[in-house]
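Report on the structure given below.
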Amino acid sequence: MQGEFPTVSVITTYRNSDGLINRAIRSILTSSLKSIEIIVINDGSTDKTAYALDNFNSPKEDLIKINLINNKKNLGLPSSLNKGIISAKGKYIIRVDADDFVNFNFLKFLSFYLDTNPDSNAVSCDYYLIDEKEEVIERVNSDKRPIACGIMFRKETLMNIGLYDESFFVQEEVELRLRYLKKYSIDRLQIPLYRYRRHENNITNDEARMKLYAN
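FYI, the numbering for the sequence shown is 21 to 235, going by this note's numbering.
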């Protein structure tokens with residue numbers, strides 16, 4: 021990978037991840053697509069996760085390297101994601117949350133879709149909703165119930181819409197998607213390649229502003 025530009029930049033952020041990020045990183049490192057970079061943003065954590073991530077890096081140049089960005093203080097999720105996107109070298113950007121994990125062919129299938137469909141701006145995959153024990157609860161259509169992750173974007177399209185709105189501290193992905201779809205489209209790959217861990221705090225505190233973007 022040294023000296024080459026990767027095809028895909030995988031971005032994940034965390035703050036005191038309780039070790040879950042290790043599961044996410046392992047699933048990315050075993051990807052069937054090797055032309056990738058992993059950008060991890062530590063958003064002002066106080067735990068030992070950053071030290072644990074060093075164990076994934078190898079001095080061998082042929083292995084995928086994790087690029088760790090440490091925020092000196094907690095900036096919030098959208099600001100951290102924007103730092104990752106701006107620093108990304110890949111032509112495609114995809115987000116994997118620290119408590120989720122992905123299929124072996126996740127990156128390969130989505131990047132192949134964009135490679136072979138040059139008029140497509142972005143593509144999402146279906147996902148499995150899982151519980152705390154990683155048991156599958158249900159398979160979900162990513163068009164009907166979209167999430168922040170499992171969507172591969174052409175980097176220039178994200179740059180063109182101005183990235184994430186850093187004033188949204190919850191449901192930043194909903195706001196970005198609303199703006200994105202006013203200018204671009206997101207295709208759907210009907211294969212469940214993402215494993216999404218169920219959350220309890222999915223209600224936005226910015227409902228009035230969301231309605232403004234939805235109009």
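Ideal Cβ placement from N, Cα and C applies to all residues, glycine included.
Own chain partners of Glu-158 with C-beta closer than 7 Å, once the 5 adjacent residues on each side are dropped: The count along the sequence shown starts at 1 and reaches residue 158 at position 138. Answer for Glu-158: Leu-149, listed in chain order.
In DSSP terms, what Ser-33 is bridged to: Translated into positions along the sequence shown, residue 33 becomes position 13. In the sequence on display, residue 33 carries Thr and not Ser. Ile-61.
Ile-61 beta carbon less than 7 Å from that of Gly-104: Position 84 of the sequence shown holds residue 104. Position 41 of the sequence shown holds residue 61. Yes, these two residues count as a Cβ contact at 7 Å.
Completely contained beta strand (DSSP E) runs for the segment 112 to 144, where each covers 3 or more residues: 112 to 115
Candidates Glu-176, Arg-165, Leu-209 and Arg-208, of which the one nearest Glu-193 by Cα: Along the sequence shown, one-based indexing puts residue 193 at 173. When only C-alpha atoms are compared, the closest one is Arg-165.
Contacting residues, own chain, Cβ-Cβ under 8 Å from Ile-114 (five flanking each side not counted): Looking up residue 114 in the sequence shown gives position 94. Cβ within range, chain order: Val-28, Ser-29, Val-30, Ile-31, Leu-127, Leu-130, Cys-169, Gly-170, Ile-171, Met-172 and Phe-173.
Member of Arg-218, Asn-36, Ile-181 and Ser-162 whose CA lies at the smallest distance from the CA of Asp-146: Numbered from its first residue, the sequence shown carries residue 146 at position 126. Asp-146 has its Cα closest to that of Ser-162, out of Arg-218, Asn-36, Ile-181 and Ser-162.
Pair within 7 Å by beta-carbon distance, Gly-64 and Lys-93: Start at 1 with the first residue of the sequence shown, and residue 64 comes out as number 44. Start at 1 with the first residue of the sequence shown, and residue 93 comes out as number 73. Yes; because the gap between Cβ atoms is below 7 Å, this pair is in contact.
Bridge partners - Glu-158, DSSP secondary structure assignment: Position 138 of the sequence shown holds residue 158. Looking at the DSSP assignment, Glu-158 forms a beta bridge with Leu-149.
Pro-98 (DSSP reduced to helix, strand or coil): Residue mapping note: residue 98 aligns to position 78 of the sequence shown, counting from 1. DSSP places Pro-98 in helix when its eight states are reduced to three.
Ile-206 burial status per 10 Å Cβ neighbour count (16 or more: buried): Position 186 of the sequence shown holds residue 206. That one is buried.
Range covered by the beta strand (DSSP E) that runs through Ile-89: Here residue 89 is taken as the residue at index 69 of the sequence shown, counted from 1. From DSSP, the beta strand (DSSP E) with Ile-89 extends over 86 to 91.
7 Å Cβ cutoff met for Arg-218 and Ser-144: Your numbering for residue 218 matches position 198 in the sequence shown. Your numbering for residue 144 matches position 124 in the sequence shown. No, the pair does not count as a contact, with Cβ atoms beyond the cut-off.
Where Gly-116 falls, given that 16 or more other Cβ within 10 Å makes a residue buried: Taking the sequence shown and counting its residues from 1, the one referred to as residue 116 is at position 96. Sequence inspection shows Val at residue 116; the Gly mentioned does not correspond to that position. When all chains shown are included, Val-116 counts as buried.
Beta-carbon separation (whole angstroms), Ile-56 vs Ala-118, contact threshold 8 Å: Translated into the one-based positions of the sequence shown, residue 56 becomes position 36. Translated into the one-based positions of the sequence shown, residue 118 becomes position 98. Not confirmed; about 17 Å, so no contact.
Residue range of the alpha helix (DSSP H) that includes Arg-46: On the sequence shown, residue 46 is found 26 positions in, with the first residue counted as 1. Counting along the chain, the alpha helix (DSSP H) containing Arg-46 begins and ends at 40 to 49.
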